[in-house]
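All remarks here apply to the structure that follows.
2 protein chains.
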Amino acid sequence: MQAAEMIELWRGGRRESLHLGHAVICDSTGVVEAWGCPGNVIFPRSSCKMIQALPLVESGAADAVGLTDRQLALACASHSGARIHVETVGDWLTGLDLSEADLRCGCHMPQDKEENRRLTCSDQEPDQRHNNCSGKHAGFLTLNRHLGGGPEYVEPDHPVQQAAKAAFEEVTGEDSRGYGIDGCSAPNHACSLKGLASAMAAFANPGTDRRGRAMRRLVDAMRTHPEMVAGEGRACTSLMRAARGKIAVKTGAEGVFVAILPEEGLGIALKALDGATRASEAAIVALLLHLKVLDNDDPVISTYLTGPIRNWRGIVTGEMRTAPGFPS
Amino acid sequence: MQAAEMIELWRGGRRESLHLGHAVICDSTGVVEAWGCPGNVIFPRSSCKMIQALPLVESGAADAVGLTDRQLALACASHSGARIHVETVGDWLTGLDLSEADLRCGCHMPQDKEENRRLTCSDQEPDQRHNNCSGKHAGFLTLNRHLGGGPEYVEPDHPVQQAAKAAFEEVTGEDSRGYGIDGCSAPNHACSLKGLASAMAAFANPGTDRRGRAMRRLVDAMRTHPEMVAGEGRACTSLMRAARGKIAVKTGAEGVFVAILPEEGLGIALKALDGATRASEAAIVALLLHLKVLDNDDPVISTYLTGPIRNWRGIVTGEMRTAPGFPS
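Residue numbers (the working numbering), protein chains in the order written: chain A, 1 to 328; chain B, 1001 to 1328.
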């Protein structure tokens, strides 16, 4: 099945650009609605961090070192590398008698404007705490302390990654379709969009067993601490705030976005075919509007979907629209 | 006709993302090769700046104030806002007894790393000279001086924009399909990809009349001063250097790229459907390789198309490929 027309950019009365993609909404029994091909196999990238964090909670590793919900939210985050993120990861590592050098995520300049400026203007390099995945990696190191694995915890056959893979296969209901190496060096297993949306629906309908309790705890951590999951001005943080903590959402590189809707018992997964973040952000807003989880007049809707596009002089030059056939 | 599969991103042995698009190669008689739909109507955005600069040269306005080839290259540029660009525009305006305040392009932070850092770390705001289109606008102001128009030279009915529109319609061989307002506030007329590629072929096969001389002068200015057309590390500059001045190329926002090949007598125009720059850059490299304008072992090819994609620890995580059916 072909990818569906999802998000359009308009200028001068003409469609200038078009984003195709696939999107699936699942409940606990299966697909509720879909656009494009639910069987399309994708790399979830960072959108599946709450799945990768399941063994951290289920194993008792999180409780063994007294992790807070704030830290668990950071374990599920692609954070901006702001001071609150960097310091929380630093303190977390110190609490494990580890240091930044024990991370295996690599360094990049933080997206957070203030921290980026501080480093740039003081001629400092970022360290691994600034990596947007450093919270996930602090979680991996916490699980690793519990499991007694070696230091190279991102190797695919390491006990930490084997545990993450097992959780991924169980909640997606699919054998791994293979893995790629993510930007942060951890393996990222492929699954169908339907499998990913099913997993999000499972997080939205947690049972009372160990897994269900871990799912509920991670979802609550994310929606209670949206500032830890991304950062100021970022889509994940803004959308969870706009929904007043009713939902958990998570972006992934190359145009992936997922959402967990506990009140509705629904999970969403989508991917822009071309990998564009502007498309995945607009599409998740459109689907959250479709499911009436966002207020029609919330400013976040115009920020990511309906707002006019303005140029450097503030003149309106165009707009984003959902494509005919995609919800708006 | 559907957009063609153009550029793919691969990770873990799987195609992760896909860019569709349209691409056309023309000679002076018409379409030579095409992928997708040659009739697809697009906004050329900044890719048509050499067309918008034709009246500046043809009218005698450029010679009246003794514009150099370096300035003409800047009139065709989407520059990085480096010191050389900002200072050249500033001197140009001073020479016209005008100032930065006479520009109508608006301000944005420069892409050039050093200048961006200088402004950021000294708490200075960018001015309109930093706008990537400020060279085009200095050209508009030069033409405006010659034509005696009013100060609001970006209004669609202003003599400067009427002259640009007339040149655009003549070289594309099409009536304007309407216009949008560009990021820099100037009108940007729509045309088919075939019309845009035909125009580039006209630049590649200039006659000996006034228009032909203006075309040759602008193409020579661009390929002689590639550093003025974009900046260090940018695709336009790097590709013109890699082709040792044999070609002129120009990027446009929302996934547009054009090329002028005087030795082959060919013009190229392409657009990534989704507007992605990484796709338009990779696709133009693929087509320039296809036409044997670039050496197979030139580093620019791995930078924009064939090189491995590495993560924050330098680990190879994937690669870009041309889609089956698109030249490689």
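Ideal placement from N, C-alpha and C gives every residue a C-beta, glycine not left out.
Cα-Cα separation between residue i and residue j, rounded to whole angstroms
{"i": "A/S17", "j": "A/L270", "result": "19 Å"}
{"i": "B/M1240", "j": "A/T224", "result": "52 Å"}
{"i": "A/F326", "j": "A/L305", "result": "13 Å"}
{"i": "A/R15", "j": "B/L1009", "result": "25 Å"}
{"i": "A/G252", "j": "A/G275", "result": "10 Å"}
{"i": "B/C1133", "j": "B/C1107", "result": "10 Å"}
{"i": "A/V293", "j": "A/K246", "result": "8 Å"}
{"i": "B/Q1002", "j": "A/V41", "result": "23 Å"}
{"i": "B/E1005", "j": "A/V160", "result": "38 Å"}
{"i": "B/R1129", "j": "B/S1185", "result": "14 Å"}
{"i": "A/G178", "j": "B/A1075", "result": "50 Å"}
{"i": "A/G173", "j": "A/G195", "result": "6 Å"}
{"i": "A/C37", "j": "B/M1320", "result": "23 Å"}
{"i": "B/T1208", "j": "B/M1050", "result": "18 Å"}
{"i": "B/A1053", "j": "A/L266", "result": "55 Å"}
{"i": "B/S1176", "j": "A/S47", "result": "44 Å"}
{"i": "A/V249", "j": "B/G1318", "result": "27 Å"}
{"i": "B/C1105", "j": "B/F1140", "result": "11 Å"}
{"i": "A/P44", "j": "B/G1030", "result": "44 Å"}
{"i": "A/G60", "j": "A/A167", "result": "15 Å"}
{"i": "A/I25", "j": "A/E264", "result": "11 Å"}
{"i": "A/H290", "j": "A/I284", "result": "10 Å"}
{"i": "A/N131", "j": "A/A62", "result": "21 Å"}
{"i": "A/G156", "j": "A/I181", "result": "Residue identity check: residue 156 of chain A is Pro in the sequence provided, not Gly. Approximately 9 Å, taken between the alpha carbons."}
{"i": "B/R1234", "j": "B/Q1111", "result": "10 Å"}
{"i": "B/G1150", "j": "B/A1138", "result": "15 Å"}
{"i": "A/S331", "j": "A/D27", "result": "The shown model of chain A, from 1 to 328, leaves out residue 331 of chain A, and the question about it has no answer."}
{"i": "A/V154", "j": "A/K165", "result": "12 Å"}
{"i": "B/L1147", "j": "B/H1022", "result": "38 Å"}
{"i": "B/D1309", "j": "A/A282", "result": "One detail in the question is off: residue 1309 of chain B reads as Ile in this sequence, not Asp. Going by the C-alpha atoms only, they are around 27 Å apart."}
Three-state secondary structure assigned by DSSP to residue i
{"i": "B/G1021", "result": "strand"}
{"i": "A/C76", "result": "coil"}
{"i": "B/W1312", "result": "coil"}
{"i": "B/P1187", "result": "strand"}
{"i": "A/R274", "result": "Reading off the sequence, residue 274 of chain A comes out as Asp, not Arg. Here A/D274 sits in coil by DSSP."}
{"i": "B/A1323", "result": "coil"}
{"i": "A/K250", "result": "strand"}
{"i": "B/A1082", "result": "coil"}
{"i": "B/E1016", "result": "strand"}
{"i": "A/G180", "result": "strand"}
{"i": "B/R1234", "result": "coil"}
{"i": "B/N1043", "result": "The question names Asn, but residue 1043 of chain B in the sequence shown is Phe. In this structure, B/F1043 counts as coil in the three-state DSSP scheme."}
{"i": "A/L56", "result": "helix"}
{"i": "B/R1011", "result": "strand"}
{"i": "A/E174", "result": "coil"}
{"i": "B/S1028", "result": "coil"}
{"i": "A/V293", "result": "coil"}
{"i": "B/V1065", "result": "coil"}
{"i": "A/G318", "result": "strand"}
{"i": "B/A1259", "result": "strand"}
{"i": "B/E1281", "result": "helix"}
{"i": "B/E1264", "result": "coil"}
{"i": "A/A34", "result": "strand"}
Rounded Cβ spacing between residue i and residue j (contact assumed at less than 8 Å)
{"i": "A/M215", "j": "A/A202", "result": "7 Å"}
{"i": "A/H79", "j": "A/G135", "result": "6 Å"}
{"i": "A/D295", "j": "A/D69", "result": "Contact flag wrong, Cβ pair sits at about 26 Å."}
{"i": "A/E115", "j": "A/R83", "result": "6 Å"}
{"i": "A/A65", "j": "A/G95", "result": "Contrary to the premise, residue 65 of chain A reads as Val rather than Ala in this sequence. Correct: roughly 6 Å between the Cβ atoms."}
{"i": "A/A163", "j": "A/P55", "result": "4 Å"}
{"i": "B/S1280", "j": "B/F1257", "result": "4 Å"}
{"i": "A/A329", "j": "A/L218", "result": "With chain A represented from 1 up to 328, any question about residue 329 of chain A goes unanswered, as that position is not in the structure."}
{"i": "A/A127", "j": "A/E100", "result": "Inspection of the sequence shows that residue 127 of chain A is occupied by Asp rather than by Ala. The Cβ separation is near 5 Å, so the contact holds."}
(message) Under 8 Å, CB to CB, which of the residues in the region 3-28 of chain A have a partner in chain B?
(response) L9, R11, G12, G13, R14, E16, S17, L18, H19, L20
(request) Taking only beta carbons into account, state which residues of the region 164-193 of chain A come closer than 8 Å to chain B, listed in chain order. (result) Along the region 164-193 of chain A, going in chain order, the ones with a CB nearer than 8 Å to a CB of chain B are R177, G178, Y179, G180, I181, D182, G183, C184, S185, N188, A190.
(message) Counting only Cβ-Cβ distances shorter than 8 Å, please list the residues of the region 1246-1261 of chain B near chain A, keeping chain order.
(response) E1254, G1255
(request) Residues of the region 101-127 of chain A with a CB closer than 8 Å to any CB of chain B: list them in chain order, please. (result) R104, C105, G106, C107, H108, R117, T120, C121
(request) Select from the region 70-94 of chain A all residues with a C-beta closer than 8 Å to any C-beta belonging to chain B, and list them in chain order. (result) none
(message) Residues of the region 275-301 of chain A in Cβ contact with chain C at a cutoff of 8 Å, in chain order, please.
(response) Among the protein chains in the structure shown, which are A and B, there is no chain C.
(request) Pull out every residue of the region 1029-1053 of chain B whose Cβ sits closer than 9 Å to any Cβ of chain A, in chain order. (result) V1041, I1042, F1043, R1045
(request) Could you name the residues of the region 141-155 of chain A whose beta carbon sits closer than 8 Å to any beta carbon of chain B, in the order they occur along the chain? (result) Those would be none; no residue qualifies.
(request) Output the residue ranges of the beta strand (DSSP E) runs that lie fully inside the region 94-160 of chain A and measure 3 residues or longer, sorted by chain position. (result) none
(request) Closer than 9 Å, Cβ to Cβ, to anything on chain B: give me those residues from the region 304-327 of chain A, in chain order. (result) N311, W312, R313, G314, I315, V316, T317, G318
(request) Can you check the region 1190-1224 of chain B for any alpha helix (DSSP H) of at least 4 residues that lies completely inside it and give the ranges in chain order? (result) 1193-1204, 1210-1224
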